[in-house]
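Convert by adding 3 to the 1-based position in the sequence shown; the result is the number in the UniProt record's numbering. Yeah, the Cβ is synthetic: ideal placement off N, Cα and C, and Gly gets one too. Notes follow the structure.
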Amino acid sequence: KSFRVAVVGATGAVGNLMIQVLEERSFPVGELKLLASARSIGKSLPYKGRMLPVEELTEKSFRGVQLALFSAGSGVSRKFAPIAAEAGCVVVDNSSAFRMDPRIPLVVPEVNAHALGDHPTIIANPNCSTIQMVVALKPIQDAVGIRRIVVTTFQAVSGTGKRAIEELRRQVADLSEGREVTREVYPHQIAFNCFPHIGAFLDNGFTEEEMKMVNETRKIFEDPEIQVCATTVRVPVYFGHSESVNIETRAPISAERVREILSGAPGVIVVDDPGQHRYPVPLQAAGTDDTLVGRIRMDPSVENGLAMWVVADNIRKGAASNAVQIAEILAARNLI
Ligand code: A2P
């Protein structure tokens, strides 16, 4: 069995990768429709050795399409995901538009595939920073429970999209050639800099990105009690988010036992031999679908405290690959 699949936002950083991941993972695509804005008419993108034309997204785009992967921003999703669903298409949406809607499953396959239920129409792909954190923490949550998480992220520019990748490249080139630095995407120079500002600031002093980590973690773990305090930081890295994750578990567990559990956990690779300079780094995670965990150690400053370092490719596991993995489950369970 194969499916007629659409990628919405096909020309973007994540959309483009969705096409590549569909091919890599041999998802049973019968026909592939590439959709973007009118600006992209005339462009074409490679899939399985052929160039496919990019079409303009319209209300009629989803006729006969069975599965649509959306990554064109919340506004596009809010408008077109319901239109696609109405046309009988199952939508996996990478934007934040529907994530906190109680009727919409928010899914990380390794963590809560059961949340897909029997008749999903729109499924939300969580925020990139949330995905890698819950993949790493789920086995610990299952083993001993987690009371509180304090997380600081070090997030790559690819999460902002193509223009941000270009901005970092341009600034690095400008600086090395002694030209004045210009910026368009970020509020500060990103080359050789970092800033604790991802998404808009809210009344509570946190940013949108930080609150996504709080609310999405609670929804995915189905645990409204779990306490999360996040600080999200943009760093001059192209691909791969890193996270310093500090947790308080409900029951005691040793660092050794955590290493053992995580070694057998789906989607996780333990990279934890600091004496040999082995700990996760973004350049190692980039291009893979694994969540790398290392620096696992007891935090003696609090009862049942643990600290660790978690790294994953934010546009693969954090976005495109997670979406395709959801699609694989939909196909396997006859939900498309
Ligand atoms: P386009 O290239 O035609 O502007 P990124 O997150 O890397 O910036 O990519 C955003 C993606 O979303 C691009 O593929 C972009 O298409 C697409 N997009 C943005 N706005 C719209 C829109 N109004 N309709 C369709 N696609 C859109």
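Residue i Cβ short of 7 Å to the ligand A2P heavy atom set
i    : result
V79  : yes
R237 : no
S40  : yes
A16  : yes
R166 : yes
G76  : yes
G162 : no
A13  : yes
S43  : yes
L25  : no
L60  : yes
Neighbourhood of residue i by C-beta, 8 Å cutoff - its chain only, sequence neighbours within 5 removed
i    : result
L48  : A13, T14, N19, I22, L37, M54, L55, V57
S77  : S98, S99, A100
P123 : V93, P108, L333, L338
E183 : D177
S266 : V273
Sub-8 Å separation of residue i and residue j beta-carbons
i    : j    : result
N317 : C131 : yes
I143 : V248 : no
K222 : L109 : yes
V240 : A159 : yes
R281 : G148 : no
L205 : E211 : yes
K215 : S98  : no
F6   : I339 : yes
E251 : R150 : yes
T234 : T155 : yes
F65  : A9   : yes
V79  : A322 : no
C232 : V296 : no
K320 : D275 : no
A335 : L72  : no
DSSP state of residue i mapped onto helix, strand, coil
i    : result
R106 : coil
E26  : helix
G33  : strand
V240 : coil
T133 : helix
F83  : helix
V217 : helix
S179 : helix
V111 : coil
T210 : strand
L205 : coil
L60  : coil
T163 : helix
E331 : helix
S324 : helix
Sheet register partners of residue i (DSSP bridge)
i           : result
residue 340 : Within the shown structure, residues of the chain are numbered from 4 to 339, placing residue 340 beyond reach of any answer.
G308        : E251, D302
D96         : F73, A127
V188        : For V188, which the question treats as bridged, DSSP gives no partner whatsoever.
Residues near residue i in its chain [Cβ-Cβ closer than 6 Å; skip 5 each side]
i    : result
A127 : D96, F101, R102, I107, L109
A75  : V11, G12
F157 : V236, V238, S245
P255 : N307
N325 : N128, I134
F242 : A159, S161, A289, D316
A310 : N249, R300, D302
I44  : E59
P269 : E113
Neighbourhood of residue i by C-beta distance below 7 Å, restricted to the same chain and skipping five residues each side
i    : result
V327 : M21, V24, L25, R28, F30
V175 : A194
V114 : V137, V138, K141, I223
T163 : V188
P277 : R298
Minimum Cβ-Cβ distance from residue i to chain D less than 8 Å
i    : result
E187 : No chain D appears in this structure, which consists of one protein chain only.
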